[in-house]
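Engineer: In the numbering used here, the protein residues as written are 329 to 516.
Glycine is no exception: its CB is placed at the ideal position from the N, C-alpha and C atoms.
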């Protein structure tokens, strides 16, 4: 008997999907302004509905619930995009430093060591040492706490010291990143 209910729920959800997918996609497009993301958001919302279908179908207004899910997903996407734009603006608002006669081998060593770090540790090191951001500004740019910036930077610097075999890692990172600013910066 459980399969009959499951089959009935599946048929009912499929009908709901067919009736409301286009509307939910249009809503996502209008909320985000991103036609490419609209279908993904609608699909994500419908997947979330499917996982809670027993509760959704028992609701007075399942379509209103679906619209709420799309709205929440769109809000999250827009907020993420705004945070990303702020991070990019923060990166490029720093003045560029010019260096004559760069130590190419040193720059390559530091870049390779940085690539081996997980993203969050690498981002903390780059923002703190290459862009001279405070712990607070780094935390704001990455959307994490100041404590996370402190711990991730400390762990990353210890790892870089191990990889590079030197005690002067902060200075090396700062110099290497300043030297790569012209080559790998805005002109890409």
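Roughly how many whole angstroms lie between the Cα atoms of residue 450 and residue 363?
Structural biologist: Stepping through the chain shown from its first residue, residue 450 is reached at position 122. Stepping through the chain shown from its first residue, residue 363 is reached at position 35. Near 33 Å, if we compare the C-alpha coordinates of residue 363 and residue 450.
Engineer: In three-state DSSP terms, what is residue 336?
Structural biologist: Position 8 of the chain shown, counted from the start, is the residue given in the question as residue 336. Note: residue 336 maps to helix in three-state DSSP.
Engineer: Once DSSP output is grouped into helix, strand and coil, what is the label at residue 459?
Structural biologist: On the chain shown, residue 459 is found 131 positions in, with the first residue counted as 1. It is coil, neither helix nor strand.
Engineer: Between the C-alpha atoms of residue 393 and residue 368, what's the straight-line distance to the nearest angstrom?
Structural biologist: Counted from its first residue, the chain shown places residue 393 at position 65. Counted from its first residue, the chain shown places residue 368 at position 40. Whole-angstrom Cα-Cα distance: 18 Å.
Engineer: Only counting the same chain, and skipping five residues up and downstream in sequence, which positions put a Cβ closer than 8 Å to that of residue 345?
Structural biologist: Counting from one through the chain shown, the residue named residue 345 turns up at place 17. If we look at residue 345 and ignore the five residues flanking it on each side, its Cβ neighbours are 374.
Engineer: Is the CB of residue 401 under 8 Å away from at least one CB in chain D?
Structural biologist: The displayed structure is made up of one protein chain only, and chain D is not part of it.
Engineer: Which ranges would you report for the alpha helix (DSSP H) in the region 382 to 414 if only whole runs of at least 4 residues count?
Structural biologist: Listed in chain order, nothing qualifies, since the region 382 to 414 has no complete alpha helix (DSSP H) run of 4 or more residues.
Engineer: In angstroms with no decimal places, state the Cα-to-Cα distance between residue 448 and residue 352.
Structural biologist: The residue you call residue 448 lines up with position 120 of the chain shown. The residue you call residue 352 lines up with position 24 of the chain shown. Straight-line Cα distance between these residues: approximately 34 Å.
Engineer: State the start and end residues of the unbroken alpha helix (DSSP H) segment that holds residue 475.
Structural biologist: Residue numbering aside, residue 475 sits at position 147 when the chain shown is read from its first letter. Where residue 475 is concerned, the enclosing alpha helix (DSSP H) stretches over 474 to 492.
Engineer: Put residue 363 into one of helix, strand or coil per three-state DSSP.
Structural biologist: For the purposes of this step, residue 363 is taken as residue 35 along the chain shown, with counting starting at 1. It is helical.
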